[in-house]
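Enquirer:
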Amino acid sequence: MAHVVTPLDQPSNYKDSQTRVDRQKQNDLLSKSTTLYIGNLSFYTTEEQIYELFTKCASPDDGGGIKRIIMGLDRNTRTPCGFCFVEYYTHAEALASMRYVSGTKLDERIIRCDLDLGYKEGRQFGRGKSGGQVRDEHRQDYDPGRGGWGAQAQRLEIERRREVEERYADAQDGPGAVAGGGGDWKEAEGAPTDKKRGRSPEDEGDNTRTGHRTRLDDEMEAERM
Amino acid sequence: MSYERRGGYRRRPRDDYDDRRREPYETPEEKLKTAIIKLGEVDAVEELPRLQKQIRDFVPVNVANISEAIRTGVTEQPYKIPYYAALILLLHDRPEESTSSEEAPPLGRLVLEDFWKGFQAYLDKLAWRETRLCIHFFAHLTIARLISPESLVALLQAFTAVLDEFGVSHGRAKRAALCAAEGLIIGGPSLKHYSATSVTEIIGAIQAFNDTTNSAKWLVQPSVKVFSDAVAIENADELLDTVLFALKTLNDSNFAQTAESFPQPYTNLPAPPADVAPFNLPSVLVPPEIIELDALSTEADAEDTAQVKKEEWPEYFLRIFDNDISPDPNTPAGYAVRTALLDIISIFEVNRKECARLLLEYPKWNLPGAFKPKPGAPTPSDVEPVAGKDWQLESTIIETILGALLVLPESSHKSVYYISLITELCKLSPSTVGPAVGKSIRKLYGSLSEGLDVEASRRFAEWFAVHMSNFGFQWVWKEWVPDLELAVQHPRRTFMRRAIEFEIRLSYHERIAKTLPEAMQSPNAHTIPEQAPGPNFEYDDPTNPHHDAAQSVLNLFRGRAKAEDVIAHLDSLKTTLEGAEDAPLSVNVDATVRSIALQSLLHIGSRSFSHLLNAIERYLPLLRNITSSTEGKAEILSASAAFWKGNRQMVGIVFDKLMQYQIVDPTDVVAWTFANRAGGLDAFEWDLMRGAIDKANGRVVIARRRVAALRKEEDDVRARDNAAGAMDVDAEGDGAAKPAESLVDNPALATALKAFTSLTREQKGALSRTLEGFVNALSPADSDASAVTPNAHTRTVITESAWLNRANWDDEEWNAWQTWGWYRQFCRVYSPYLRNYSTTLYTVSFARLEGSENPAAELLTKTWNVATGQDLS
Chain A
1 MAHVVTPLDQ PSNYKDSQTR VDRQKQNDLL SKSTTLYIGN LSFYTTEEQI
51 YELFTKCASP DDGGGIKRII MGLDRNTRTP CGFCFVEYYT HAEALASMRY
101 VSGTKLDERI IRCDLDLGYK EGRQFGRGKS GGQVRDEHRQ DYDPGRGGWG
151 AQAQRLEIER RREVEERYAD AQDGPGAVAG GGGDWKEAEG APTDKKRGRS
201 PEDEGDNTRT GHRTRLDDEM EAERM
Chain B
1 MSYERRGGYR RRPRDDYDDR RREPYETPEE KLKTAIIKLG EVDAVEELPR
51 LQKQIRDFVP VNVANISEAI RTGVTEQPYK IPYYAALILL LHDRPEESTS
101 SEEAPPLGRL VLEDFWKGFQ AYLDKLAWRE TRLCIHFFAH LTIARLISPE
151 SLVALLQAFT AVLDEFGVSH GRAKRAALCA AEGLIIGGPS LKHYSATSVT
201 EIIGAIQAFN DTTNSAKWLV QPSVKVFSDA VAIENADELL DTVLFALKTL
251 NDSNFAQTAE SFPQPYTNLP APPADVAPFN LPSVLVPPEI IELDALSTEA
301 DAEDTAQVKK EEWPEYFLRI FDNDISPDPN TPAGYAVRTA LLDIISIFEV
351 NRKECARLLL EYPKWNLPGA FKPKPGAPTP SDVEPVAGKD WQLESTIIET
401 ILGALLVLPE SSHKSVYYIS LITELCKLSP STVGPAVGKS IRKLYGSLSE
451 GLDVEASRRF AEWFAVHMSN FGFQWVWKEW VPDLELAVQH PRRTFMRRAI
501 EFEIRLSYHE RIAKTLPEAM QSPNAHTIPE QAPGPNFEYD DPTNPHHDAA
551 QSVLNLFRGR AKAEDVIAHL DSLKTTLEGA EDAPLSVNVD ATVRSIALQS
601 LLHIGSRSFS HLLNAIERYL PLLRNITSST EGKAEILSAS AAFWKGNRQM
651 VGIVFDKLMQ YQIVDPTDVV AWTFANRAGG LDAFEWDLMR GAIDKANGRV
701 VIARRRVAAL RKEEDDVRAR DNAAGAMDVD AEGDGAAKPA ESLVDNPALA
751 TALKAFTSLT REQKGALSRT LEGFVNALSP ADSDASAVTP NAHTRTVITE
801 SAWLNRANWD DEEWNAWQTW GWYRQFCRVY SPYLRNYSTT LYTVSFARLE
851 GSENPAAELL TKTWNVATGQ DLS
């Protein structure tokens with residue numbers, strides 16, 4: 001149905017400006033992507049709020065659901081800095097979010113969704129000089145949901161801010177810092193005390209599922225441009 | 001909201017390609033196509049001659065290109081169909097200068113012949129909507145005398161023939177019936193003139209099919225009166241019923257209202273050339289449904305492998321406004337509006353913003369005077385409101401969208417689509433759409449006490465919350481304050497609580513509390529919780545006897561101790577507790593230790609969804625260790641529910657991930673939910689069960705896909721081998737022996753098949769457990785002494801006299817009524833799955849009710865029989 005209008009679930013000109021993946025490969029990845037970049041979030045919006053909205057595009061009876069949410073954090077302060085990644089189990093769910101959720105409000109801000117190449121270690125951190133998102137380096141307006149001009153915040157948000165500041169203080173980086181969210185069902189393997197079941201069999205399954213492990217050796221920051 | 005501004009980023013040379021916005025080059029053919037598709041941007045009638053000229057001037061003539069453009073126009077912009085019919089008529093004119101080639105058929109005819117091929121392709125792949133819209137086009141062309149009425153009759157009869165197929169599915173019959181009915185509504189004036197008998201026969205065939213669907217209708221009516229078998233209900237209309245009402249009105253008047261319901265721009269144009277005989281549509285057969293003969297049936301019982309078919313139910317659309325505000329879909333003109341709007345909603349699902357714009361532009365494509373002019377817009381002097389029309393556009397649109405949102409058992413698209421579409425409409429025209437939305441909310445709220453179905457009411461609450469979240473949570477709650485007098489479980493109060501809970505999930509407690517009047521904020525109002533929905537770590541309290549033990553476990557988790565170290569610590573903790581002098585004998589030490597461990601882990605994971613995932617992933621071995629028994633699985637669910645008792649969203653999330661990580665199975669969640677519900681079954685419990693059943697069903701889907709993919713891979717390999725083998729001179733390979741062989745050497749396929757079998761078993765288990773739970777909860781106490789019947793009212797609330805007395809119902813009656821509602825939803829929404837196992841499930845759950853004359857037992861069985869297709873009365 002694309003002759004008369006442009007579908008909203010087309011990849012936009014959003015991209016990971018620092019990916020080392022060539023354009024063809026990027027298009028391939030996007031055409032199967034289960035991950036969304038979500039932008040223009042309030043710094044105070046929680047993962048649960050995001051979950052609540054994005055779960056409306058989930059299709060659990062088709063083997064889908066929200067796999068994980070990765071909150072974008074200020075590199076220095078480890079506090080949310082206004083973006084996140086939502087990863088589903090299926091591509092169709094990511095497309096549904098593009099059609100139905102992108103451009104609607106969450107926490108009273110119009111959020112934007114873009115298909116993403118997929119989360120890679122390190123991308124949860126802001127790439128701006130100050131540690132947050134690049135866009136906030138250049139912002140001229142007063143935006144209470146994104147930290148005002150500086151330290152200002154509205155009365156109601158003070159409490160939320162306090163919680164938010166503490167929430168991710170324990171955020172780690174490096175391999176395994178971000179949970180996988182659980183993979184496909186597997187036949188139980190014998191005794192439940194099997195110690196081989198480390199923390200990321202799902203992650204491995206995941207890579208084979210999308211079939212792409214892009215060679216990204218050096219530091220990959222996050223952030224769209 | 002513009003996202004175009006991209007301040008200050010480092011542009012890299014190789015990125016240039018991405019950002020350069022090039023005007024795509026359009027070939028002359030494409031330009032012509034675009035012109036055809038864009039017909040009517042301003043005024044279709046005025047543009048027609050110009051477009052005709054543009055088409056004729058284009059050399060060399062490319063008929064396929066023109067017909068493809070018209071096909072796109074017809075199937076993707078159905079509101080333009082009458083104008084495309086007029087275009088075809090214009091293209092039948094022979095240009096003056098070309099009188100020499102008298103024998104050559106006119107361009108319009110060539111295009112029509114090519115268009116037919118496209119229609120045939122839609123039909124072959126059973127693209128029902130496209131097929132139906134092409135039939136609209138053919139029907140208009142019949143009125144324009146370009147298609148012979150006898151061939152249109154034959155085409156429509158090909159569709160009514162589907163209704164007589166043996167064992168035709170409801171969905172297939174419904175779609176075929178609509179093709180025939182809508183073709184007749186539009187082409188009726190010509191068809192009736194040609195053969196009144198055929199018209200009566202077509203209507204009769206649709207009516208006969210419709211008469212077989214009464215029990216199915218009973219199960220999907222949005223306004224529930226379980227005691228009544230009446231098909232017609234006050235505030236909703238069923239799709240086939242409406243089309244039949246419209247057809248009968250038309251037939252009685254010799255289709256006089258067709259011209260009052262659809263624009264017929266071709267009637268003002270010169271008739272087609274006399275020497276051109278009308279086109280005879282070739283005869284067709286509607287191809288059978290593609291039954292995916294599932295290769296799996298060799299491995300498992302055929303019962304287990306059938307594909308899931310949805311949209312197999314009659315469709316009731318709620319009416320919200322009176323006939324003078326929005327059209328009555330039982331009339332020809334009203335049906336035309338309803339179906340036109342539904343088609344726009346469904347076609348433009350890919351772009352809700354465009355969809356909203358097109359909906360608000362719809363009056364331009366209907367007849368003048370059908371809708372009230374926009375307030376403030378200059379009223380064209382020549383347009384008089386038409387008696388019986390003059391409807392309010394925005395109310396009509398919102399009513400149609402809400403009708404589609406609330407279709408039972410499921411809407412065609414995800415509910416969030418309809419919700420976002422309404423949001424876009426409000427953004428486009430706040431002053432006119434806003435009031436229509438407000439009135440709709442009040443009307444739906446009112447219907448809550450008139451038996452609005454529990455699932456419809458849940459979706460209503462979901463819409464309400466998401467809508468308010470997009471519009472500053474501005475709702476005048478105080479008008480509902482008087483309803484705080486009603487029973488706490490009254491559907492209106494349930495709605496308020498649920499709507500507020502959903503709002504809080506999208507926002508935060510304090511923000512939502514602020515929007516409520518004081519009367520609703522009081523704890524006695526049972527409307528909003530006093531506290532923000534936080535965790536509840538019971539060992540946090542220093543006076544708790546296990547406070548210290550819990551702290552020690554918590555510290556291990558905080559220090560990211562290894563799972564086996566925590567397990568060892570828990571073992572020693574158990575020994576300590578067992579050895580404690582003051583240990584009461586009744587306490588189950590195992591259970592206590594499990595509870596401490598689980599709650600502490602949840603506490604670590606309580607900061608955010610990600611923290612939860614991290615905690616679970618890090619301690620999977622621990623979780624598996626303590627949930628190895630059935631009671632362990634039930635306990636982890638209980639511990640999670642207790643820990644998150646103030647936050648139902650988190651209960652749902654935790655249960656979902658516990659299933660995802662295979663700590664518990666869907667069946668465990670269903671069993672736990674029935675065992676731990678308070679009184680009746682609420683939407684919350686339903687959501688938990690639905691999450692579990694969907695998980696079980698989704699896993700089967702994944703497993704089936706995997707098997708299919710591996711099979712295909714294997715087939716490809718075999719095909720390659722065979723091709724290679726064929727070239728070998730001494731190829732002795734016996735093709736028939738290969739499959740069995742390759743199953744042995746393909747361990748991946750063997751594993752996948754094994755997984756498929758396990759997961760199918762689990763699916764059946766989850767469905768069976770749910771059914772059993774419902775039957776136990778609703779069945780009469782006297783039928784089985786051991787049955788659990790916590791609610792004595794399940795038997796009484798289903799009678800007519802009880803329903804009429806509902807003003808005096810208390811919480812228990814409403815609980816029982818709700819539980820019945822969720823049982824109905826379970827049966828109808830999972831009917832495609834339940835049908836696969838109907839024999840076994842019936843034996844397990846219903847055998848003991850057989851012969852019982854208790855009304856509850858009868859209703860349980862009747863609902864089941866209707867859902868599984870065994871009651872076709």
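Going line by line, the protein sequences match chains A and B. Count the first sequence with the UniProt record's numbering and you get residues 1 to 225, in order. Count the second sequence with the UniProt record's numbering and you get residues 1 to 873, in order. For glycine and all other residues, C-beta sits at the position ideal for the given N, C-alpha and C.
How many Å lie between T796(B) and P855(B) at the Cα?
Expert: Taking the first residue of the second sequence as 1, we reach residue 796(B) at position 796. Taking the first residue of the second sequence as 1, we reach residue 855(B) at position 855. Each residue's Cα considered, the two are about 8 angstroms apart.
Enquirer: Determine, using beta-carbon pairs with one atom in the stretch 448 to 467 of chain B and one in the stretch 326 to 343 of chain B, whether at least three such pairs fall under 8 angstroms.
Expert: no
Enquirer: Taking P332(B) as the reference, which of K372(B), P288(B) and N254(B) has the closest Cα?
Expert: Counting from one through the second sequence, the residue named residue 332(B) turns up at place 332. Selected option, being the one with the closest Cα: N254(B).
Enquirer: Using 8 angstroms as the limit for Cβ to Cβ distance, is T35(A) near chain B?
Expert: Taking the first residue of the first sequence as 1, we reach residue 35(A) at position 35. No, T35(A) does not count as interfacial toward chain B.
Enquirer: Where do the N-terminal and C-terminal ends of the alpha helix (DSSP H) with C827(B) fall, by residue?
Expert: Start at 1 with the first residue of the second sequence, and residue 827(B) comes out as number 827. Segment D811 to V829, the alpha helix (DSSP H) holding C827(B).
Enquirer: So G103(A) packs on R112(A), CB below 8 angstroms; how close in whole Å?
Expert: One-based indexing of the first sequence puts residue 103(A) at position 103. One-based indexing of the first sequence puts residue 112(A) at position 112. Confirmed, about 7 angstroms.
Enquirer: Strictly below 8 angstroms CB to CB, what residues from chain B border A179(A)?
Expert: For this step, residue 179(A) is matched to residue 179 along the first sequence. Result: S610, L613, N614, I616 and E617.
Enquirer: Please check if any C-beta of chain A sits within less than 8 angstroms of the C-beta of A867(B).
Expert: Sequence index remark: in the second sequence, residue 867(B) carries index 867 (1-based). Not closer than 8 angstroms to any Cβ of chain A, the Cβ of A867(B) fails to qualify, so no.
Enquirer: If you check the beta carbons only, do L61(B) and V101(A) fall under 8 angstroms apart?
Expert: Position 61 of the second sequence, counted from the first residue, corresponds to residue 61(B). Position 101 of the first sequence, counted from the first residue, corresponds to residue 101(A). Here residue 61(B) is Val; the residue named in the question, Leu, does not match the sequence. Going by C-beta atoms, V61(B) is not nearer than 8 angstroms to V101(A).
Enquirer: From V466(B), L452(B) and L613(B), pick the residue whose C-alpha is nearest to that of R492(B); which is it?
Expert: Taking the second sequence and counting its residues from 1, the one referred to as residue 492(B) is at position 492. Checked all of V466(B), L452(B) and L613(B); the closest Cα to R492(B) is L452(B).
Enquirer: Any idea if Y837(B) is buried or exposed, counting beta-carbon neighbours within 10 angstroms, 16 or more meaning buried?
Expert: Reading the second sequence from its first residue, position 837 is the one you call residue 837(B). The residue is buried, with at least 16 neighbouring Cβ atoms inside 10 Å.
Enquirer: Between S552(B) and the rest of its own chain, which residues show a CB-CB distance below 6 angstroms, the 5 nearest in sequence each way excluded?
Expert: The count along the second sequence starts at 1 and reaches residue 552(B) at position 552. Within its own chain, no residue has a Cβ closer than 6 angstroms to the Cβ of S552(B) once the five positions on either side in sequence are excluded.
Enquirer: Which runs of the alpha helix (DSSP H) at least 4 residues long sit entirely within the stretch 42 to 67 of chain B? Give them in chain order.
Expert: Listed in chain order, they are 44 to 57.
Enquirer: Check whether the stretch 347 to 355 of chain B touches the stretch 7 to 16 of chain A, counting contact only when three or more Cβ pairs, one atom from each stretch, lie closer than 8 angstroms.
Expert: yes
Enquirer: Within its chain, find whatever has a CB closer than 6 angstroms to the CB of D715(B); leave out the 5 residues flanking it on each side and keep chain order.
Expert: Numbered from its first residue, the second sequence carries residue 715(B) at position 715. Result list for D715(B): empty, nothing under 6 angstroms.
Enquirer: Count the other C-beta atoms from every protein chain shown that fall within 10 angstroms of the C-beta of F83(A), then say buried if there are 16 or more, exposed otherwise.
Expert: Here residue 83(A) refers to the residue found at position 83 of the first sequence. Only buried fits F83(A), as 16 or more other CB atoms lie within 10 angstroms of its CB.
Enquirer: Quick one: grab the DSSP three-state call for S228(B).
Expert: Locating residue 228(B) in the second sequence gives position 228, where the first residue counts as 1. Reduced to three states, the DSSP call for S228(B) is coil.
Enquirer: Between K439(B), P430(B), I419(B) and S411(B), which has its C-alpha nearest S395(B)'s C-alpha?
Expert: In the second sequence, counting from the first residue as 1, residue 395(B) sits at position 395. Looking at the Cα atoms, K439(B) is the closest of the given residues.
Enquirer: So, is the C-beta of H3(A) closer than 8 angstroms to a C-beta in chain B?
Expert: As a working note, residue 3(A) is residue 3 in the first sequence. Yes, H3(A) lies at the interface with chain B (some Cβ there is under 8 angstroms from its Cβ).
Enquirer: Beta-carbon separation of L91(B) and G73(B) under 8 angstroms?
Expert: Looking up residue 91(B) in the second sequence gives position 91. Looking up residue 73(B) in the second sequence gives position 73. In this structure, G73(B) does not lie closer than 8 angstroms to L91(B) by Cβ.
Enquirer: Based on DSSP bridge pairs, tell me the residues matched to R112(A).
Expert: For the purposes of this step, residue 112(A) is taken as residue 112 along the first sequence, with counting starting at 1. In the DSSP output, where bridge partners are listed per residue, R112(A) has G39(A).
Enquirer: I'd like to know whether the C-beta of S758(B) is nearer than 8 angstroms to at least one C-beta of chain A.
Expert: Along the second sequence, one-based indexing puts residue 758(B) at 758. Taking Cβ atoms only, chain A reaches closer than 8 angstroms to S758(B), which makes this a yes.
Enquirer: Is the CB of I653(B) under 8 angstroms away from at least one CB in chain A?
Expert: Along the second sequence, read from residue 1 onward, the residue named residue 653(B) stands at position 653. So, interface residue.
Enquirer: Give, in chain order, every residue of the stretch 680 to 695 of chain B whose Cβ lies closer than 9 angstroms to some Cβ of chain A.
Expert: Listed in sequence order: R690, G691, I693, D694 and K695.
Enquirer: Of all the CB atoms in chain A, is at least one closer than 8 angstroms to the CB of K414(B)?
Expert: Stepping through the second sequence from its first residue, residue 414(B) is reached at position 414. Yes, its Cβ sits closer than 8 angstroms to a Cβ of chain A.
Enquirer: Pick out whichever of I50(A), I70(A), S17(A) and Y14(A) has its Cα sitting closest to the Cα of A179(A).
Expert: Working through the first sequence from its first residue, we reach residue 179(A) at position 179. Measuring from the Cα of A179(A), the nearest candidate turns out to be I70(A).
Enquirer: Which one of D275(B), Y830(B) and Y122(B) has the shortest CA to CA distance from V284(B)?
Expert: Counted from its first residue, the second sequence places residue 284(B) at position 284. When each option's Cα is compared against that of V284(B), the closest is Y122(B).
Enquirer: Give the residues of chain A in contact with N470(B), contact being defined as C-beta atoms less than 7 angstroms apart.
Expert: Against the second sequence, residue 470(B) aligns to sequence position 470. Within 7 angstroms Cβ-Cβ: T104 and K105.
Enquirer: Of the residues K712(B), V153(B), T200(B) and F115(B), which one's Cα is nearest the Cα of L244(B)?
Expert: If you number the second sequence from 1, residue 244(B) lands on position 244. Comparing Cα positions, the closest option is T200(B).
Enquirer: Whose Cβ in chain A lies nearer than 7 angstroms to the Cβ of I422(B)?
Expert: As a working note, residue 422(B) is residue 422 in the second sequence. In chain order: nothing, as chain A lies at least about 11 angstroms away.
Enquirer: Apart from the five residues just before and just after F473(B), which ones in its own chain have a Cβ nearer than 8 angstroms to its Cβ?
Expert: For the purposes of this step, residue 473(B) is taken as the residue at position 473 of the second sequence. Closer than 8 angstroms at the Cβ level, and outside the excluded window around F473(B), lie E503, S507, R511, I512 and T515.
Enquirer: What does a CB cutoff of less than 8 angstroms around P28(B) pick up in its chain, not counting 5 residues either side in sequence?
Expert: In the second sequence, counting from the first residue as 1, residue 28(B) sits at position 28. F58.
Enquirer: Which value, in whole angstroms, describes the spacing of the CA atoms of R129(B) and T75(B)?
Expert: Stepping through the second sequence from its first residue, residue 129(B) is reached at position 129. Stepping through the second sequence from its first residue, residue 75(B) is reached at position 75. Approximately 8 angstroms between the Cα atoms of the pair.
Enquirer: Which residues share a DSSP beta bridge with S223(B)?
Expert: Translated into positions along the second sequence, residue 223(B) becomes position 223. Per DSSP, L452(B).
Enquirer: Helix, strand or coil for D15(B), going by three-state DSSP, please let me know.
Expert: Along the second sequence, read from residue 1 onward, the residue named residue 15(B) stands at position 15. Unreliable placement is indicated for D15(B), whose pLDDT of 44 sits below 50; the coordinate value is still reported in the next sentence. Here D15(B) sits in helix by DSSP.
Enquirer: In terms of residue numbering, what span does the beta strand (DSSP E) encompassing Y619(B) cover?
Expert: As a first step, residue 619(B) is located in the second sequence; it is residue number 619 there, counting from the start. Run containing Y619(B): none; DSSP gives neither H nor E here.
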